[in-house]
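Reading through the structure tokens given below for one structure.
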Amino acid sequence: MPAKKKLPDVLDQRCVNGLKSRNRIVKQCVKISIQQILKAVCMIIDILMLILDKDIIVNTRFQHVILMDEEDCYMKKEAQGSFHSKNLGSSPSFMTESEGLDSTEKHGDLGDMTFYMANYIKDAMKMMFIMRSHHMLTDVILEVESELFYAHKVILAAASPYFKAMFTGGLKESEMSRVKLQGVSPTTMARLMYFMYTGQIRVTEITVCSLLSAATMFQVSNVIDACCVFLERQLDPTNAIGIANFAEQHGCQNLYQKANQFIVQHFSQICQEEEFLQLSAMQLIALVRKDELNVQEEREVYNAVLKWVKYNEEARGPKMEHILHAVRCQYLTPNFLREQMKNCDVLKKVPACREYLAQIFKDLTLHKKPVVKERTPNTRRVIYIAGGFLKHSLDLLEGYNVDEKTWTQHAKLIVPRSGLGGAFLKGMFYAVGGRNNSPDSRYDSDWVDRYNPLTDQWRACSPMSVPRNRVGVAVMDGLLYAVGGSAGVEYHNSVECYDPEHDSWTNVKPMHIKRLGVGVAVVNRLLYAIGGFDGTNRLNSVECYHPENDEWTMVSSMKCSRSGAGVANLGQYIYVVGGYDGTRQLNSVERYDTERDIWEHVSNVTIARSALSVTVLDGKLYAMGGYDGEHFLNIVEIYDPAKDIWEQGVPMTSGRSGHASAVSYHQCPIHCDHLDHNMPLEK
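With full-length UniProt numbering, letter number 586 in the sequence shown gets 586, and the count goes up by one each step, no holes.
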């Protein structure tokens, strides 16, 4: 048997073991105390930093996914003194406005004052942010997947109607200290929590969709607004349809409207994108029915619809007839319709579509009035004035912005000209013919130049077959017609038309009468040549050109003979303004009813004049410039047919006569470059 230990030895061993155990406990207690002390020190430093505004960065510890770019930025700003809190807890009587005292109010005769502390709310929220970081006075834990978010119910309720209803509406969550959330990721929740405590949110292409979805769910309106502004800035032809759909799904009505405006104004580019092919039939119909659809010609809309059908012809072919009725086929040309009915494979498989287009073709060739109105793009409207005469021929091109009521200089004509004609065709302004009447050069011109408003540049086109001074110009069936005019002492009855796709001119049947200073207009695919000078007499006769049979026919004559009048059509009427009768300038105005073949007088212009130009915008006539027998005029008069009155418009920058004018609709991209990325979002 082993020898028994002596009692003193046993006691010594127990003492040793006891001391070791006590040392371990002491060490553990010291360790715990040190951790608590360090944590307390961090908290104290945070609070001191807030009060004393020291340049200290505190590396606080977070228990969940909350360290993000936004919070790093927030802490950096805090360290750099971006948040001024020097006066927190100090006597407001010593504060200046720069230190946080925003304003004061005095009450009565006793001298009492009310103080408004500019930084109080910001400082208080900053303290709440620090307290949340250390779980101080937090009364709820939000559980998102595996992450926990400590928060103050009052902050959540103030920032979000969703949480307000949860914590104050008598729901079971109002009594819970831990709430589980569904439908949001931890990262997105962390970003929203950061916003609720700081009022700052960073939105990126990667985070915007998840942020908007979560902000919509929690009803955080300011974050919704921020995301909508961000998405509005991102609009381009490749994503506009997707953004519109996303906005509609989340009830963002303003963004939905902005995206749809972008789609309508940029239809020509958007219909080339993949998103366009993913539209439903109902979405496509709703889009192409819009009056504001910004296209240069209806053929763009027809081709876009055909492309959409061909993308999945088996499923979409049967819907073609219904969709085709949304296209304004009455504004397609007969030649285009004929080619489609003959060669389009999709139409061959849908007889009802061919029958529908055949009826439209018949109506067009019979010159029936369209049953639908032309599109009116909601874009910048500009009246262009080119050339003219003021002591000599001018090379000016000026634009009148109807919305801003201002005249603007643009790129000058390649060659100065007066007596020229002008028209807009497929987004381009054409300056046709005229005369270069300058001190060192005098000749009639066969030149044709094309101006691109988007690039502010001119380009020469193929010249006409003969020079044409004081020529009449109009557009019909996508072709540019040049009517009459003169080359020196030779007066023309010849007419030719220009095809912009082939940059070529083709002669058509000549008029019955030679006409210099002739006015022209197109109504229901009929070209009218009105008045003019034949070399001997001023004319009151009117001719009408039928493109189907290439023939001119005489129609009812004007009440007054005149040349150099301003001519434009408005609805079924052709208006003839002013002119010269061989002895004097005229102030009389008459209009021709193309349906009844009669002429009638309407209100006179204020000042008699000839060699003016007339154009139509927003259902009103603009009579611009001209010559009154002594002076070259800069006046602009505007006629309202509903009231039968003329009103004064904004004068041109200088007087002139023999100029050309036409109206353009410019694309105006909806990018929010005018917005401040750091702007406050207010409801």
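Just so you know, even glycine gets a beta-carbon here, dropped at the ideal spot from N, CA and C.
Under three-state DSSP, which class holds residue i?
i: V184; result: coil
i: C228; result: helix
i: E600; result: strand
i: S664; result: strand
i: D644; result: coil
i: R299; result: helix
i: A521; result: strand
i: V208; result: helix
i: W447; result: coil
i: S268; result: helix
i: A565; result: coil
i: L364; result: helix
i: D123; result: helix
i: G399; result: strand
i: N437; result: strand
i: L539; result: strand
i: R202; result: coil
i: A423; result: strand
i: A304; result: helix
i: V650; result: coil
i: M117; result: strand
i: L156; result: helix
i: V350; result: coil
i: E637; result: strand
i: Q409; result: strand
What's the C-alpha gap between residue i and residue j?
i: G579; j: I635; result: 15 Å
i: Y451; j: K368; result: 33 Å
i: D644; j: L332; result: 33 Å
i: Y639; j: Y622; result: 7 Å
i: V184; j: L277; result: 31 Å
i: D446; j: S657; result: 20 Å
i: Q269; j: C329; result: 21 Å
i: T606; j: V567; result: 17 Å
i: E147; j: P186; result: 6 Å
i: Y302; j: V295; result: 11 Å
i: C252; j: Q648; result: 43 Å
i: L413; j: D395; result: 5 Å
i: L527; j: Y384; result: 22 Å
Considering only DSSP beta bridges, list what residue i is partnered with.
i: C544; result: Y528 and T553
i: K620; result: L617
i: N260; result: The partner list for N260 (beta bridge, DSSP) is empty, contrary to what the question assumes.
i: residue 708; result: Missing from the structure shown is residue 708; the chain here goes from 1 to 683 and no further.
i: Q457; result: N452
i: E145; result: In the DSSP output, where bridge partners are listed per residue, E145 has none listed.
i: residue 684; result: Residue 684 lies beyond the range of the chain shown here (1 to 683); nothing can be said about it.
i: T168; result: In DSSP, T168 forms no bridge with anything.
i: S504; result: D499
In or out: residue i buried (at least 16 other Cβ within 10 Å) or exposed?
i: residue 685; result: Only positions 1 to 683 of the chain appear in this structure, which leaves residue 685 out of reach.
i: K153; result: buried
i: D618; result: exposed
i: R442; result: exposed
i: Q272; result: exposed
i: T207; result: buried
i: K180; result: exposed
i: H512; result: exposed
i: H492; result: buried
i: L156; result: buried
i: Y197; result: buried
i: R470; result: buried
i: I598; result: exposed
i: T455; result: exposed
i: I121; result: exposed
i: M282; result: exposed
Considering only heavy atoms of the ligand SAM, does any lie closer than 7 Å to the CB of residue i?
i: L293; result: Because no ligand of any kind appears in the structure shown, any question about the ligand SAM cannot be addressed here.
Would you call the region 254–261 and the region 197–204 in contact, with 3 or more CB pairs under 8 Å? Contact between the region 254–261 and the region 197–204 is absent, because fewer than three Cβ pairs lie under 8 Å.
I'd like to know if the region 381–395 and the region 460–477 are in contact, where contact means that at least 3 CB-CB pairs between them fall below 8 Å. Not touching, per the Cβ criterion.
Three or more C-beta pairs below 8 Å linking the region 148–164 and the region 201–220: Yes, the region 148–164 touches the region 201–220.
Tell me whether the region 401–412 and the region 467–487 touch, counting them as touching only if at least three CB pairs, one residue from each stretch, are closer than 8 Å. No: the two stretches stay apart, fewer than three of their Cβ pairs being nearer than 8 Å.
Segment contact, 8 Å Cβ cut-off, at least three pairs: the region 562–580 with the region 509–519: Short answer: they touch.
Counting Cβ pairs, one atom from each stretch, are 3 or more of them under 8 Å apart for the region 343–351 and the region 540–555? Verdict: no, contact absent.
Inter-stretch contact at 8 Å, needing at least 3 Cβ pairs: the region 424–434 / the region 649–665: Yes, the region 424–434 is in contact with the region 649–665.
Give a yes or no on contact between the region 282–300 and the region 374–386, applying the rule of three or more CB pairs nearer than 8 Å. At 8 Å Cβ cutoff, the stretches touch.
Does the pairing of the region 304–311 with the region 351–361 give three or more beta-carbon distances under 8 Å? No: fewer than three Cβ pairs fall under 8 Å.
At a cut of 8 Å, does the region 587–604 reach the region 482–497 through at least three beta carbon pairs? A contact is defined here as three or more CB-CB pairs under 8 Å, and the region 587–604 fails this definition with respect to the region 482–497.
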